[in-house]
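In this note's numbering, the protein residues as written are 136 to 462.
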């Protein structure tokens, strides 16, 4: 390439090869050289924008996408969609919605509709958001389920959990074996005080999808939280860990199960691994409790306090601290 810098096709193949190897910086440089020599080629500019996103260069990606809008490419919808995503990342939600509304067709139209509904609900226009979802065009059952899941999420975030549960339940009557609907309805049944429904739906999901790690984990963890059938609960979360051995949330469940079974050393190993993989406040609450019970109170206190600084409103942390360090 250094000998024959004008070999367009060779340079393009080289840029793509770098991209496949995840050498994003070098790949972007090659695409930029190509774009300089071919300024009217919209695909090159779009590739630069997408690589900039991979590099977390949001400003560079946005600048490139805005340039693409002015080039009159046939499908502007994909550019509008990604500009909407970038505006959301900057919390400029009105502008994000304006870009999403310009997605008039193509593969991103449905995703743009979901984002519009979500932003309407987040902005306090819940009724308008729900109406928008009810009118949105869905091409298949998976898309119909996605519309329902967004509606349930908006209701849940508006503290209307029972309404969210009803929306999911009604959809489940139409699609009784849909894995996503089964999982979300079960989880909301648990949160709204319906443990029998939760267990029934999770067991059905496991029957339909025996490789669904999160179903085993949710069912086992639910039993642990209610302090019911602890040996069975541990077996369920261990099965989940077999299916997803690197998942910190599942490691947390197994570690918590071992703690509840009196296996403190085994529990501590897993909770430490889970916390190093994901310093989630719920994992911090569990790890701190086990450390405290073992007598490592200073380390427990530090983990709780550090996590509370980062997550001041977390209920799991507050409950653990209140239980062991009452004011």
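Glycine residues also receive a C-beta, built at the ideal position from the N, C-alpha and C atoms.
Counting only the same chain and skipping the five closest in sequence on each side, list residues whose C-beta sits under 8 angstroms from that of residue i.
| i | result |
| --- | --- |
| residue 253 | 264, 285, 288, 289 |
| residue 319 | 284, 287, 303 |
Within the same chain, show all residues whose beta-carbon is closer than 6 angstroms to that of residue i, passing over the 5 residues directly before and after it, in chain order.
| i | result |
| --- | --- |
| residue 184 | 196, 199, 200 |
| residue 300 | 323, 327 |
| residue 456 | 439 |
| residue 386 | 405, 408, 409 |
| residue 466 | Summary: the structure shown does not reach residue 466, with the chain confined to residues 136 through 462, and so no result is reported for it. |
So residue i packs on residue j, CB below 8 angstroms; how close in whole Å?
| i | j | result |
| --- | --- | --- |
| residue 396 | residue 419 | Contact flag wrong, Cβ pair sits at about 21 angstroms. |
| residue 363 | residue 389 | About 17 angstroms separates the two Cβ atoms, so there is no contact after all. |
| residue 247 | residue 235 | 4 angstroms |
| residue 153 | residue 161 | 5 angstroms |
| residue 179 | residue 159 | So it is not a contact: roughly 15 angstroms between Cβ atoms. |
| residue 434 | residue 426 | 5 angstroms |
| residue 343 | residue 314 | 6 angstroms |
| residue 186 | residue 163 | 4 angstroms |
| residue 321 | residue 353 | 7 angstroms |
| residue 371 | residue 348 | The pair is not a contact, with the Cβ atoms about 11 angstroms apart (cut-off 8 angstroms). |
| residue 238 | residue 215 | 5 angstroms |
Leaving aside the five residues before and after residue i along the sequence, list all residues of the same chain whose C-beta is less than 7 angstroms from its C-beta, in chain order.
| i | result |
| --- | --- |
| residue 268 | 252, 282, 285, 286 |
| residue 368 | 355, 358, 359, 392 |
Between the alpha carbons of residue i and residue j, how many angstroms are there, rounded?
| i | j | result |
| --- | --- | --- |
| residue 444 | residue 212 | 41 angstroms |
| residue 193 | residue 221 | 7 angstroms |
| residue 330 | residue 266 | 31 angstroms |
| residue 422 | residue 307 | 37 angstroms |
| residue 333 | residue 459 | 30 angstroms |
| residue 298 | residue 305 | 11 angstroms |
| residue 261 | residue 311 | 27 angstroms |
| residue 401 | residue 210 | 56 angstroms |
| residue 204 | residue 148 | 26 angstroms |
| residue 229 | residue 240 | 21 angstroms |
| residue 383 | residue 175 | 47 angstroms |
| residue 292 | residue 257 | 8 angstroms |
| residue 166 | residue 227 | 29 angstroms |
| residue 411 | residue 279 | 38 angstroms |
| residue 218 | residue 231 | 7 angstroms |
For residue i, does the three-state DSSP call read helix, strand or coil?
| i | result |
| --- | --- |
| residue 238 | coil |
| residue 313 | coil |
| residue 443 | helix |
| residue 393 | helix |
| residue 273 | coil |
| residue 363 | coil |
| residue 102 | The shown model of the chain, from 136 to 462, leaves out residue 102, and the question about it has no answer. |
| residue 344 | coil |
| residue 433 | helix |
| residue 450 | helix |
| residue 327 | coil |
| residue 225 | coil |
Is residue i near the ligand MG - that is, is its Cβ less than 8 angstroms away from at least one heavy atom of it?
| i | result |
| --- | --- |
| residue 192 | As for the ligand MG, it is missing from this structure, which has no ligand bound. |
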